[in-house]
Structures are given as structure tokens and as C-alpha cells.
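> The sequence shown runs 4 to 335 under full-length UniProt numbering. Idealized CB from N, CA, C, for every residue including glycine. Provided herewith is a single structure, encoded as C-alpha cells, for subsequent inquiry.
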Amino acid sequence: RPVEKMTVEEAAKEADELRPKIIKWGEDYYTSDNPDVEDSVYDAAYARLQALEAAFPNIVTEDSPTQQVGGAVLAGFTKVRHEIPMLSLGDVFSEGELDEFNQRLREHVTEPFDYNCELKIDGLAISLRYENGVFVQGSTRGNGQIGEDITANLRRVDSIPKKLSQPLNVVVRGECYMPKESFLKLNTDREAAGLPTFANPRNAAAGSLRQLDPEVTGRRHLSTFMYNVADYETVSARTQSDLLAELQDLGFAVNVDSRVAHSMADVADYVQEYTGKRTTLAYGIDGIVIKVNSLPLEQAIGATVKVPKWAIAYKFPPEEAETVVRDIEWTV
Ligand code: NAD
Numbered sequence: 004r005p006v007e008k009m010t011v012e013e014a015a016k017e018a019d020e021l022r023p024k025i026i027k028w029g030e031d032y033y034t035s036d037n038p039d040v041e042d043s044v045y046d047a048a049y050a051r052l053q054a055l056e057a058a059f060p061n062i063v064t065e066d067s068p069t070q071q072v073g074g075a076v077l078a079g080f081t082k083v084r085h086e087i088p089m090l091s092l093g094d095v096f097s098e099g100e101l102d103e104f105n106q107r108l109r110e111h112v113t114e115p116f117d118y119n120c121e122l123k124i125d126g127l128a129i130s131l132r133y134e135n136g137v138f139v140q141g142s143t144r145g146n147g148q149i150g151e152d153i154t155a156n157l158r159r160v161d162s163i164p165k166k167l168s169q170p171l172n173v174v175v176r177g178e179c180y181m182p183k184e185s186f187l188k189l190n191t192d193r194e195a196a197g198l199p200t201f202a203n204p205r206n207a208a209a210g211s212l213r214q215l216d217p218e219v220t221g222r223r224h225l226s227t228f229m230y231n232v233a234d235y236e237t238v239s240a241r242t243q244s245d246l247l248a249e250l251q252d253l254g255f256a257v258n259v260d261s262r263v264a265h266s267m268a269d270v271a272d273y274v275q276e277y278t279g280k281r282t283t284l285a286y287g288i289d290g291i292v293i294k295v296n297s298l299p300l301e302q303a304i305g306a307t308v309k310v311p312k313w314a315i316a317y318k319f320p321p322e323e324a325e326t327v328v329r330d331i332e333w334t335v
């Protein structure tokens, strides 16, 4: 039923029914790295809740999944407080919605700006802290404010530099992922050993990092793409595209498929190109991210409690639409 035709009572009732479902799916996904439903099912329920709450702001509850960064801290890990929170990303599912995001932003920002287009790596967000250029602590996003200390595990990930080319004090953020090939091999080995398999590379990466034996992480062939710093004043770059180059110079693995877009037509070209290239990449992507390219402008635009207002994720449709054949009643 379209939200425009609903009364506030009807919307509140539907939202109250949706929230516990979404929370439960979130727990399975973030806490146990073991999703119960396909991402598209989760995304559809989440988008519906978001639409109901947007149409009737009075029905928003404090514990609504739309008001919190999804994630948890597992027992057994030391907690790390993120001085600068690790946020999620707002998402859209069509180019039309991408244009709406752009229009909303342009209405509020008077100065001209470009976007940096990046691949949305299907992994797990990590935060790496360096003191005088030396890697001292690595953590998960957790609930955005408090994550898990996984330093020992991240030391076993080859692409993470243990010492930077400059003696910087910096917190660098990005994605830890499992390449498709490692994922397939891991699941084949697990099946042969009679162990449960992982649902997808994202869950395999998360499960490999959020366990207590660094040796296991070391054997799992994880990799990283770093794309952000907690505070841009700790680096020289003033644009997102320069930041990626600077991170690479510092020694980080950076995805080379990003591109500056001067217009929404450029963004559309990028979306189209990587929708086509998606299956040929060695790692999973679940969409593309566009970010305002100026770092000071990003800061000025700010964020909600959950997502930055200067970026948006365009999510691809699910990779293979599941064919569900239900019991067919033959009436002949
Ligand atoms: P998200 O994963 O959709 O987007 C935010 C994350 O994108 C960031 O934290 C970052 O880790 C990542 N990212 C990857 N590449 C990036 C780049 N280039 N720049 C910036 N960030 C980048 O949001 P979320 O809140 O972490 O999770 C929601 C997603 O998880 C939904 O897509 C949903 O489908 C899935 N989910 C599924 C279930 C389920 O039961 N199947 C449950 C909960 C969540």
C-alpha cells in the first residue's frame, strides 16, 4: 500500500511490525555473520520502514534500525571507542534516486563540486590507527561508536602496512574483503571437512576477522582497500581523489577503479560501466558510492546520526535473482 494513502495509525502499526524483523535479521548478519535472509529482502524491508518513517516522522522510535549503525561487539574482544564515529551509508536503488540525492544536495550547497565515484566493496569496514607511522590498533566498525579490537588479526593481513612511508598520526578507514577465489576455495575446503560454509564473501571476511585466533585470519587470504581517514586534517589531501592517491603513497592498498565525475552523466556512465564489469572483478562489489570530492565541503555538509549527507551508495540489483519454485497446483 502506498504510504501516501495510509493513516498515521496504519503506518505506525506496519512500522512496529517491521522493526523487530529488521533488528533480528541485523543481529544474525552483524553479530553472528550468518544472515537469515537475502540482502535484497533486508533492503526492501528497511526501505519500506524508511519510507513510512519519512512520511510520518512522529512514528520514528529511538531504537529504530534507521537510527543506528548496525553492528555489535562480540564477547571476547576488547572494545575500541571510535573518537570519530564510523558511519554507514545511505542507499538508493535506481539512477532516478541517485539524481534526487544530487538535486537535494545541490539545493543546499551553493558552491560547485564534483563527485568521486568508487566501487562499493562487499566486505567489512575496518579502522586502522597509526602512531608516528606505526600500526598500533585495528578495529571493526561495531555500532559505529564502539568497535572490536582486532589488531592481532589485522596484523596477519598482508596488504595492511605495519609502517607507513611517513611518520603520521592518522586513523585510516576502509574495507577488508575476501577475494572471490579465496572464498570459493575456503568453502570447498570447509565442505570437504564437513564444516558449515559461509553464505558469501562478506560474511566469510567478517567471520575470519571476528574470531580469536590470528593464525586462522592469516590462512584466510583477506585483502583490503582503504578509502578514508577519520580526520582529513591529519593528511595533506583536500579532495577524496587526492586522498586515495596519498593513501597509496603511504603504503595502503587502494582500489584503482575510482573516478572523478563532473556531472551526473559521468556518474551514470560509471554506474553503467561497473554494472557490466561487476562479475569480472576479483572481489565482490554490491554497488557504487558517490562522494562529494572536496574534503572540507564534506565536513561542512555533515552527517545524520547514521549516514554522511555528502555520500550515497547506489546498490546493484541482487547478483542472481533467486528462482523460487513453489508447489504448483495442477488444475488440469
Ligand atoms: P552498507 O554496507 O550498505 O554501507 C556502508 C558500508 O559500505 C561502510 O560501512 C563501508 O564499510 C562500506 N563501503 C564499501 N566500499 C566503500 C567505499 N568505497 N566508500 C565508503 N564505504 C564503503 O551499510 P551497512 O549499514 O553496513 O549494512 C547494510 C547492508 O547490510 C545492507 O546492504 C543489507 O543488505 C546488509 N544487511 C543484510 C542483512 C541480512 O539479513 N541479509 C542484515 C543486515 C544488513
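So within the segment 103–153, which uninterrupted alpha helix (DSSP H) runs reach at least 4 residues, ignoring any that extend past its ends?
none
> Determine the direct distance from the alpha carbon of I62 to that of D260, and round the result to whole angstroms.
Rounded to whole angstroms, the separation of the alpha carbons of I62 and D260 is 41 Å.
> Excluding five sequence neighbours on each side, which residues of the same chain lie with their C-beta closer than 6 Å to the C-beta of I331?
Low per-residue confidence applies at I331: pLDDT is 41, beneath 50, and the placement is therefore not dependable, though the value from the model is reported in the following sentence. Here the set comprises nothing.
> Does the beta-carbon of R84 have 16 or more other beta-carbons within 10 angstroms, so that it is buried, or is it exposed?
exposed
> In terms of DSSP beta bridges, what is A264 paired with?
Y118
> In angstroms, rounded to a whole number, what distance separates the CA positions of T278 and F319?
Just so you know, the alpha carbons of T278 and F319 end up roughly 7 Å apart.
> Assign Q20 to buried or exposed, taking buried as 16 or more other Cβ atoms, counted over all protein chains shown, within 10 Å of its Cβ.
The displayed chain sequence assigns Glu, not Gln, to residue 20. Classification of E20: exposed, given that the 10 Å Cβ count is below 16.
> To the nearest angstrom, how far is it from the Cα of D289 to the Cα of T191?
23 Å
> In this structure, how does DSSP classify I304 when only helix, strand and coil are distinguished?
helix
> Just mark V292 as buried or exposed, buried being the case when its beta carbon has 16 or more other beta carbons within 10 Å.
buried
> Closest by CA to M9, which one among A58, A240 and Q70?
A58
> Can you find a heavy atom of the ligand NAD that lies under 8 Å from the Cβ of L21?
Every heavy atom of the ligand NAD is 8 Å or more from the Cβ of L21, so no.
> With distances taken between CB atoms, is the gap from V76 to I124 smaller than 9 Å?
no
> Between A285 and the ligand NAD, is the CB less than 8 Å from at least one heavy atom?
no
> Look up E178 in the DSSP assignment and say whether it is helix, strand or coil.
strand
> If I measure Cβ to Cβ from K294 and keep anything under 6 Å in the same chain, skipping five residues before and after, which residues do I get?
Here K294 has N119, Q243 and A314 as same chain residues with Cβ atoms under 6 Å from its own Cβ, once five neighbours each way along the sequence are excluded.
> When the Cα atoms are used, what is the spatial distance from S91 to F255?
Distance between the alpha carbons of S91 and F255: 22 Å.
> Short of 7 Å in beta carbon distance, which residues of its chain neighbour C179, apart from the five on each side in sequence? Order them along the chain.
If the five residues before and after C179 are omitted, its C-beta is found closer than 7 Å to the C-beta atoms of G126, L127, I129, V160, A208, L212, L225 and T227, all from its own chain and listed in chain order.
> Hey, would you say Y49 sits closer than 9 Å to P68, going by beta carbons?
yes
> Beta-carbon separation of F93 and P321 under 9 Å?
In the sequence on display, residue 93 carries Gly and not Phe. Cβ distance not < 9 Å, so G93 and P321 don't count as in contact.
> Report all residues from its chain with a CB closer than 8 Å to the CB of K82; omit the five preceding and five following residues, and keep chain order.
V76, G145, I149, G150, E151 and D152
> Roughly how many whole angstroms lie between the Cα atoms of A47 and G74?
Rounded to the nearest angstrom, the two C-alpha atoms are 19 Å apart.
> Restricting to Cα atoms, I'd like to know which of S185, A195, V219 and A18 is closest to P204.
S185
> Could you spell out where the beta strand (DSSP E) holding V219 opens and where it closes?
V219 -> not in any beta strand (DSSP E); alpha helix (DSSP H) instead, spanning P217 to R222.
> Can you tell which of G210, S35, G136 and R193 has its C-alpha closest to the C-alpha of L167?
When each option's Cα is compared against that of L167, the closest is G136.
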